[in-house]
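Per my numbering: the sequence shown = residues 77 to 348. The beta-carbon is built from N, C-alpha and C at its ideal position, and this holds for glycine as well. Since the model is a prediction, treat every value here as computed from it, not as a measurement. One structure below.
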Amino acid sequence: EEHIDITISLNNLAIIYNVLGNYEKAESLYLKDLELSKRLLGEEHPMIATSLDSLASLYYNLGKYNKAKPLRLQALKLRKDFFGEEHPDVATSLHNLAELYRKLGQYEEAELLFLQSLELGKKLFGERNIGVCNCIDNLANLYFDLAKYSTAEPLYLEALELRKNLFEEEHPDIATSLHNLASLYYVMGRYEKVESLYLQALEMRKKILGKGHPIVANTLINLSVFYLKKRRYNEAEPLCLQALQILNEYFSEDHHQIQKTLDILKIIHNIK
77 EEHIDITISL NNLAIIYNVL GNYEKAESLY LKDLELSKRL LGEEHPMIAT
127 SLDSLASLYY NLGKYNKAKP LRLQALKLRK DFFGEEHPDV ATSLHNLAEL
177 YRKLGQYEEA ELLFLQSLEL GKKLFGERNI GVCNCIDNLA NLYFDLAKYS
227 TAEPLYLEAL ELRKNLFEEE HPDIATSLHN LASLYYVMGR YEKVESLYLQ
277 ALEMRKKILG KGHPIVANTL INLSVFYLKK RRYNEAEPLC LQALQILNEY
327 FSEDHHQIQK TLDILKIIHN IK
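As C-alpha coordinates, this is what we get:
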(Lines of atoms letter the chains of each structure in order from A and count residues from 1; the text may use other names and numbers.)
(Lines give C-alpha, C1' and ligand atoms only; values in the text may rest on other atoms or scores of the structure.)
Protein backbone atom coordinates (compact mmCIF):
# COMPACT_ATOMS: atom_id res chain seq x y z
CA GLU A 1 0.00 0.00 0.00
CA GLU A 2 2.85 2.43 0.69
CA HIS A 3 5.09 2.75 -2.35
CA ILE A 4 5.94 5.75 -4.49
CA ASP A 5 4.48 4.10 -7.60
CA ILE A 6 1.12 3.93 -5.81
CA THR A 7 1.11 7.73 -5.53
CA ILE A 8 1.70 8.03 -9.28
CA SER A 9 -1.22 5.72 -10.00
CA LEU A 10 -3.47 7.62 -7.59
CA ASN A 11 -2.61 10.92 -9.26
CA ASN A 12 -3.08 9.58 -12.79
CA LEU A 13 -6.45 8.04 -11.98
CA ALA A 14 -7.54 11.26 -10.25
CA ILE A 15 -6.61 13.24 -13.38
CA ILE A 16 -8.90 11.00 -15.45
CA TYR A 17 -11.81 11.52 -13.05
CA ASN A 18 -11.13 15.26 -13.03
CA VAL A 19 -11.24 15.44 -16.84
CA LEU A 20 -14.41 13.34 -16.90
CA GLY A 21 -16.05 15.67 -14.38
CA ASN A 22 -16.24 13.07 -11.59
CA TYR A 23 -14.94 15.59 -9.08
CA GLU A 24 -15.81 13.75 -5.88
CA LYS A 25 -13.75 10.69 -6.82
CA ALA A 26 -10.96 12.91 -8.14
CA GLU A 27 -10.69 14.87 -4.87
CA SER A 28 -10.54 11.71 -2.76
CA LEU A 29 -7.70 10.29 -4.89
CA TYR A 30 -5.77 13.57 -5.04
CA LEU A 31 -5.89 13.85 -1.24
CA LYS A 32 -4.71 10.25 -0.81
CA ASP A 33 -1.89 10.89 -3.26
CA LEU A 34 -0.83 14.06 -1.43
CA GLU A 35 -0.92 12.45 2.00
CA LEU A 36 1.03 9.37 0.90
CA SER A 37 3.58 11.42 -1.08
CA LYS A 38 4.32 13.62 1.93
CA ARG A 39 4.73 10.58 4.16
CA LEU A 40 7.09 8.84 1.74
CA LEU A 41 9.05 11.82 0.37
CA GLY A 42 8.78 14.61 2.94
CA GLU A 43 7.34 18.10 2.44
CA GLU A 44 10.01 19.52 0.13
CA HIS A 45 10.16 16.99 -2.72
CA PRO A 46 9.16 18.22 -6.22
CA MET A 47 6.64 15.38 -6.56
CA ILE A 48 4.73 17.08 -3.75
CA ALA A 49 4.41 20.11 -6.03
CA THR A 50 2.81 17.91 -8.68
CA SER A 51 0.29 16.61 -6.15
CA LEU A 52 -0.48 20.13 -4.93
CA ASP A 53 -0.91 21.42 -8.47
CA SER A 54 -3.19 18.54 -9.40
CA LEU A 55 -5.44 19.11 -6.39
CA ALA A 56 -5.51 22.82 -7.22
CA SER A 57 -6.67 21.98 -10.75
CA LEU A 58 -9.68 20.19 -9.27
CA TYR A 59 -10.65 23.17 -7.12
CA TYR A 60 -10.13 25.40 -10.15
CA ASN A 61 -12.61 23.29 -12.15
CA LEU A 62 -15.10 23.55 -9.28
CA GLY A 63 -14.72 27.34 -9.16
CA LYS A 64 -13.16 27.14 -5.67
CA TYR A 65 -10.37 29.53 -6.60
CA ASN A 66 -9.48 30.57 -3.05
CA LYS A 67 -8.85 26.92 -2.15
CA ALA A 68 -6.69 26.47 -5.24
CA LYS A 69 -4.55 29.60 -4.70
CA PRO A 70 -2.42 28.51 -1.68
CA LEU A 71 -1.81 25.12 -3.32
CA ARG A 72 -0.51 26.70 -6.52
CA LEU A 73 1.63 29.19 -4.62
CA GLN A 74 3.16 26.37 -2.60
CA ALA A 75 3.77 24.30 -5.74
CA LEU A 76 5.57 27.21 -7.43
CA LYS A 77 7.78 27.81 -4.39
CA LEU A 78 8.70 24.13 -4.12
CA ARG A 79 9.65 23.95 -7.79
CA LYS A 80 11.72 27.12 -7.73
CA ASP A 81 13.52 26.02 -4.57
CA PHE A 82 14.30 22.58 -6.01
CA PHE A 83 14.91 23.30 -9.71
CA GLY A 84 15.81 26.98 -9.85
CA GLU A 85 14.10 29.68 -11.93
CA GLU A 86 14.46 28.07 -15.38
CA HIS A 87 12.79 24.68 -15.48
CA PRO A 88 9.76 23.28 -17.36
CA ASP A 89 7.86 22.64 -14.11
CA VAL A 90 8.44 26.24 -13.04
CA ALA A 91 7.00 27.43 -16.38
CA THR A 92 3.96 25.22 -15.74
CA SER A 93 3.48 26.62 -12.23
CA LEU A 94 3.76 30.20 -13.47
CA HIS A 95 1.11 29.51 -16.09
CA ASN A 96 -1.25 27.75 -13.67
CA LEU A 97 -0.97 30.51 -11.10
CA ALA A 98 -1.51 33.16 -13.78
CA GLU A 99 -4.71 31.45 -14.92
CA LEU A 100 -5.92 31.34 -11.32
CA TYR A 101 -5.20 35.05 -10.84
CA ARG A 102 -7.17 35.73 -14.02
CA LYS A 103 -10.19 33.96 -12.59
CA LEU A 104 -9.79 35.93 -9.35
CA GLY A 105 -9.72 39.21 -11.30
CA GLN A 106 -6.09 39.93 -10.37
CA TYR A 107 -5.30 40.89 -13.95
CA GLU A 108 -1.98 42.68 -13.51
CA GLU A 109 -0.50 39.76 -11.60
CA ALA A 110 -1.95 37.34 -14.12
CA GLU A 111 -0.50 39.16 -17.14
CA LEU A 112 2.96 39.35 -15.58
CA LEU A 113 2.99 35.61 -14.81
CA PHE A 114 1.61 34.66 -18.24
CA LEU A 115 4.35 36.64 -19.95
CA GLN A 116 7.02 35.09 -17.71
CA SER A 117 5.68 31.61 -18.40
CA LEU A 118 5.47 32.25 -22.13
CA GLU A 119 9.02 33.61 -22.33
CA LEU A 120 10.40 30.71 -20.28
CA GLY A 121 8.40 28.13 -22.24
CA LYS A 122 9.63 29.42 -25.59
CA LYS A 123 13.20 29.47 -24.28
CA LEU A 124 13.00 25.88 -23.04
CA PHE A 125 10.82 24.27 -25.72
CA GLY A 126 10.64 26.57 -28.73
CA GLU A 127 7.48 27.91 -30.34
CA ARG A 128 5.80 24.58 -31.22
CA ASN A 129 4.92 23.20 -27.80
CA ILE A 130 1.64 22.34 -26.07
CA GLY A 131 2.47 24.30 -22.93
CA VAL A 132 3.48 27.36 -24.93
CA CYS A 133 0.27 27.09 -26.94
CA ASN A 134 -1.87 26.87 -23.79
CA CYS A 135 -0.14 29.93 -22.39
CA ILE A 136 -0.84 31.90 -25.58
CA ASP A 137 -4.50 30.89 -25.42
CA ASN A 138 -4.92 31.84 -21.78
CA LEU A 139 -3.10 35.13 -22.28
CA ALA A 140 -5.69 35.81 -25.00
CA ASN A 141 -8.41 34.97 -22.45
CA LEU A 142 -6.94 37.59 -20.14
CA TYR A 143 -7.08 40.27 -22.84
CA PHE A 144 -10.63 39.12 -23.62
CA ASP A 145 -11.58 39.72 -19.97
CA LEU A 146 -10.01 43.16 -20.18
CA ALA A 147 -12.00 43.91 -23.39
CA LYS A 148 -8.74 44.20 -25.36
CA TYR A 149 -10.28 42.28 -28.22
CA SER A 150 -7.91 43.37 -30.96
CA THR A 151 -5.02 42.14 -28.80
CA ALA A 152 -6.75 38.85 -28.03
CA GLU A 153 -7.70 37.92 -31.61
CA PRO A 154 -4.23 37.25 -33.08
CA LEU A 155 -3.32 35.22 -29.99
CA TYR A 156 -6.44 33.06 -30.31
CA LEU A 157 -5.72 32.52 -34.00
CA GLU A 158 -2.10 31.64 -33.25
CA ALA A 159 -3.18 29.13 -30.60
CA LEU A 160 -5.69 27.52 -32.97
CA GLU A 161 -3.12 27.17 -35.74
CA LEU A 162 -0.54 25.72 -33.36
CA ARG A 163 -3.03 23.22 -31.96
CA LYS A 164 -4.08 22.06 -35.41
CA ASN A 165 -0.41 21.44 -36.21
CA LEU A 166 0.29 19.68 -32.90
CA PHE A 167 -2.77 17.43 -32.72
CA GLU A 168 -5.13 15.45 -34.85
CA GLU A 169 -8.04 17.40 -36.31
CA GLU A 170 -10.26 16.40 -33.40
CA HIS A 171 -8.79 17.23 -30.01
CA PRO A 172 -10.24 18.94 -26.90
CA ASP A 173 -7.71 21.80 -27.16
CA ILE A 174 -8.75 22.51 -30.76
CA ALA A 175 -12.37 22.63 -29.60
CA THR A 176 -11.33 25.09 -26.89
CA SER A 177 -9.71 27.35 -29.49
CA LEU A 178 -12.82 27.24 -31.68
CA HIS A 179 -15.02 28.03 -28.67
CA ASN A 180 -12.82 30.93 -27.58
CA LEU A 181 -12.77 32.46 -31.05
CA ALA A 182 -16.56 32.21 -31.27
CA SER A 183 -16.90 34.00 -27.93
CA LEU A 184 -14.52 36.71 -29.10
CA TYR A 185 -16.35 37.30 -32.37
CA TYR A 186 -19.65 37.42 -30.48
CA VAL A 187 -18.56 40.31 -28.25
CA MET A 188 -16.97 42.04 -31.26
CA GLY A 189 -20.30 41.85 -33.10
CA ARG A 190 -18.87 39.72 -35.91
CA TYR A 191 -21.88 37.42 -35.81
CA GLU A 192 -21.33 35.82 -39.20
CA LYS A 193 -18.44 33.81 -37.71
CA VAL A 194 -19.97 32.88 -34.36
CA GLU A 195 -22.47 30.10 -35.02
CA SER A 196 -20.18 27.99 -37.20
CA LEU A 197 -17.34 28.10 -34.66
CA TYR A 198 -19.58 27.21 -31.72
CA LEU A 199 -21.15 24.34 -33.64
CA GLN A 200 -17.74 22.96 -34.58
CA ALA A 201 -16.59 23.19 -30.95
CA LEU A 202 -19.82 21.61 -29.71
CA GLU A 203 -19.65 18.67 -32.11
CA MET A 204 -15.99 18.04 -31.29
CA ARG A 205 -16.52 18.23 -27.53
CA LYS A 206 -19.50 15.87 -27.65
CA LYS A 207 -17.55 13.36 -29.72
CA ILE A 208 -14.43 13.43 -27.54
CA LEU A 209 -15.81 14.06 -24.03
CA GLY A 210 -19.35 12.72 -24.33
CA LYS A 211 -22.67 14.54 -24.56
CA GLY A 212 -23.03 14.83 -20.78
CA HIS A 213 -19.75 16.56 -19.96
CA PRO A 214 -19.83 19.98 -18.19
CA ILE A 215 -17.53 21.49 -20.83
CA VAL A 216 -20.15 20.55 -23.43
CA ALA A 217 -22.68 22.44 -21.29
CA ASN A 218 -20.49 25.53 -21.46
CA THR A 219 -20.65 25.57 -25.27
CA LEU A 220 -24.40 24.89 -25.19
CA ILE A 221 -24.89 27.92 -22.94
CA ASN A 222 -22.80 30.24 -25.10
CA LEU A 223 -24.51 29.10 -28.29
CA SER A 224 -27.90 29.68 -26.65
CA VAL A 225 -26.84 33.23 -25.75
CA PHE A 226 -25.98 33.79 -29.41
CA TYR A 227 -29.39 32.47 -30.51
CA LEU A 228 -31.03 34.68 -27.91
CA LYS A 229 -29.21 37.70 -29.33
CA LYS A 230 -30.41 36.76 -32.82
CA ARG A 231 -33.99 36.26 -31.50
CA ARG A 232 -33.90 32.58 -32.37
CA TYR A 233 -35.69 31.66 -29.14
CA ASN A 234 -36.91 28.23 -30.21
CA GLU A 235 -33.29 27.21 -30.83
CA ALA A 236 -31.94 28.79 -27.65
CA GLU A 237 -34.36 27.18 -25.20
CA PRO A 238 -33.58 23.47 -25.82
CA LEU A 239 -29.85 24.19 -25.62
CA CYS A 240 -30.32 25.81 -22.20
CA LEU A 241 -32.39 22.87 -21.00
CA GLN A 242 -29.71 20.43 -22.16
CA ALA A 243 -27.02 22.47 -20.41
CA LEU A 244 -29.05 22.66 -17.19
CA GLN A 245 -29.58 18.90 -17.15
CA ILE A 246 -25.83 18.32 -17.53
CA LEU A 247 -24.80 20.90 -14.94
CA ASN A 248 -27.25 19.62 -12.32
CA GLU A 249 -25.42 16.28 -12.46
CA TYR A 250 -22.12 17.89 -11.42
CA PHE A 251 -22.73 21.07 -9.44
CA SER A 252 -24.88 22.48 -6.66
CA GLU A 253 -27.71 24.84 -7.60
CA ASP A 254 -25.71 27.94 -6.62
CA HIS A 255 -23.00 27.23 -9.23
CA HIS A 256 -22.46 30.25 -11.48
CA GLN A 257 -23.12 28.34 -14.71
CA ILE A 258 -26.41 26.97 -13.40
CA GLN A 259 -27.48 30.46 -12.36
CA LYS A 260 -26.48 31.85 -15.76
CA THR A 261 -28.49 29.15 -17.54
CA LEU A 262 -31.55 29.79 -15.39
CA ASP A 263 -31.29 33.52 -16.11
CA ILE A 264 -31.22 32.85 -19.87
CA LEU A 265 -34.25 30.56 -19.60
CA LYS A 266 -36.12 33.22 -17.64
CA ILE A 267 -35.46 35.78 -20.37
CA ILE A 268 -36.63 33.35 -23.06
CA HIS A 269 -39.81 32.47 -21.17
CA ASN A 270 -40.62 36.13 -20.53
CA ILE A 271 -40.24 36.90 -24.22
CA LYS A 272 -42.24 33.89 -25.39
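- In the three-state reduction of the DSSP assignment, L131 falls in the helix class, which pools H, G and I.
- Note that the C-beta distance between Y136 and A144 is below 9 Å.
- Separation of the CB atoms of N94 and S127 is rounded to 13 Å, and the pair is thereby denied contact status at 8 Å.
- Boundaries of the alpha helix (DSSP H) around G207: 206 to 221.
- Counting along the chain, Y141 sits inside the alpha helix (DSSP H) bounded by residues 141 to 159.
- The segment 107 to 126 makes contact with the segment 146 to 155: 3 or more CB pairs, one atom from each, lie closer than 8 Å.
- Going by DSSP, M280 is part of the alpha helix (DSSP H) stretching over 270 to 285.
- Inclusion of N214 and H255 in the CB contact set at 9 Å is not warranted, their separation being larger than that value.
- Rounded to the nearest angstrom, the Cβ distance from I297 to A319 is 5 Å, consistent with a contact under 8 Å.
- In this structure, DSSP gives G197 a helical state, which the three-state scheme calls helix.
- For the alpha helix (DSSP H) assignment, the uninterrupted runs of no fewer than 4 residues enclosed by the segment 239 to 263 are, from N- to C-terminal side, 248 to 263.
- Under the criterion of beta carbons closer than 8 Å, L273 and P248 do not qualify as touching, at roughly 15 Å.
- Under the three-state reduction of DSSP, N98 is assigned to coil, being neither helix nor strand.
- Within a 10 Å sphere around the beta-carbon of A223 sit fewer than 16 other beta-carbons, which makes this residue exposed.
- Only residues of its own chain outside the window of five on either side were considered, and among them I212 have a CB closer than 7 Å to the CB of E234, listed in chain order.
- Of the candidates I344, Q335, E268, K282, the residue whose Cα lies closest to the Cα of S300 is I344.
- With respect to L191, Y177 sits apart: the two C-beta atoms are not nearer than 9 Å.
- With fewer than 16 other CB atoms across the displayed protein chains lying within 10 angstroms of its CB, E111 is exposed.
- Shown here, K336 sits in a helix according to DSSP, grouped into three states.
- Following the DSSP letters along the chain, one finds E175 inside the alpha helix (DSSP H) bounded by residues 164 to 179.
- Residue range 290 to 305 is occupied by the alpha helix (DSSP H) that includes K305.
- A straight-line Cα-Cα distance of about 31 Å links M264 and G97.
- Nearest in C-alpha terms to K198, of all of Y225, S133, E162, is E162.
- Your pair L149 and E103 does not check out as a contact, with CB atoms roughly 19 Å apart and the cut at 8 Å.
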